[in-house]
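Numbering (this note's numbering), first residue to last: 86 to 243.
(1) Roughly how many angstroms lie between the CA atoms of residue 99 and residue 90, to the nearest whole one?
(2) List the endpoints of the continuous beta strand (DSSP E) containing residue 196.
(3) Please go through the same chain and pick out, in chain order, the residues whose beta-carbon is closer than 7 Å to the beta-carbon of residue 114, but skip the five residues on each side of it.
(4) Between which two residues does the alpha helix (DSSP H) carrying residue 98 extend?
(5) If you run the structure through DSSP and keep just helix, strand and coil, what is residue 148?
(6) Among 178, 213, 201 and 224, which one has its Cα closest to the Cα of residue 101?
(7) What does DSSP give as the partner residue(s) for residue 93 in the beta ladder?
(8) Measure the CB-CB distance between residue 193 and residue 161 and report whether it falls below 9 Å.
(9) Is residue 170 helix, strand or coil when you go by DSSP?
(10) Return the Cβ separation of residue 45 and residue 197 in integer angstroms, given the expectation that the two are a contact with Cβ distance under 8 Å.
(11) How is the alpha helix (DSSP H) around residue 216 delimited, first residue to last?
See the structure below:
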């Protein structure tokens, strides 16, 4: 993506919560082996479900790079949130993303949703416990992701 960038309002408390989620996500990527956690497995999906050997070979060749890219994307988000935190001490601030930062933000928010969906047991049909507080975080990330997608579409002139 190119262009002048995206500007979105973000409450300071939202930025703090998102920063905590990103830090937890980076810890998951850093401290967990593939196969140990269903959420991490969901970030490295099986590409050949009908061929376990081919899937394992593909995963061996690509999973580390894929998770490294997810971590690099998360660090872009982390840096953006740090920069936001250095701004004025106001309840609401403006998140400014350069065009090159938009895709890492999109991928990271989507990855965070995948991890939470895994924790909630959401597969194809979201039917988790409506009283589970993680569902609110999942939905909030979806809202933020929608806002970012809409802004990215505007940036691209779609």
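From the three backbone atoms N, C-alpha and C, an ideal C-beta is built for every residue, glycine too.
Straight from the coordinates:
(1) Along the chain shown, one-based indexing puts residue 99 at 14. Along the chain shown, one-based indexing puts residue 90 at 5. One C-alpha to the other measures close to 20 Å.
(2) Here the question's residue 196 lines up with position 111 in the chain shown. Here residue 196 belongs to no beta strand (DSSP E); instead the alpha helix (DSSP H) covers 184-205.
(3) Here residue 114 refers to the residue found at position 29 when the chain shown is read from its first residue. 152, 155 and 156.
(4) Position 13 of the chain shown, counting from 1, holds the residue named residue 98. Per DSSP, residue 98 belongs to the alpha helix (DSSP H) from 97-116.
(5) As a working note, residue 148 is residue 63 in the chain shown. Judged by DSSP in its simplified three-state form, residue 148 adopts helix.
(6) In the chain shown, residue 101 corresponds to position 16, counting from 1. Ranking 178, 213, 201 and 224 by Cα distance to residue 101 puts 178 first.
(7) Taking the first residue of the chain shown as position 1, residue 93 is located at position 8. DSSP lists 180 as partners of residue 93.
(8) Here residue 193 refers to the residue found at position 108 when the chain shown is read from its first residue. Here residue 161 refers to the residue found at position 76 when the chain shown is read from its first residue. Inclusion of residue 193 and residue 161 in the CB contact set at 9 Å is warranted, their separation being smaller than that value.
(9) Position 85 of the chain shown, counting from 1, holds the residue named residue 170. If DSSP states are grouped into helix, strand and coil, residue 170 belongs with the helices.
(10) No answer is possible for residue 45: it lies beyond the span of the chain, which begins at 86 and ends at 243.
(11) By 1-based counting over the chain shown, the position of residue 216 is 131. Segment: none, residue 216 is in no alpha helix (DSSP H) and carries neither H nor E.
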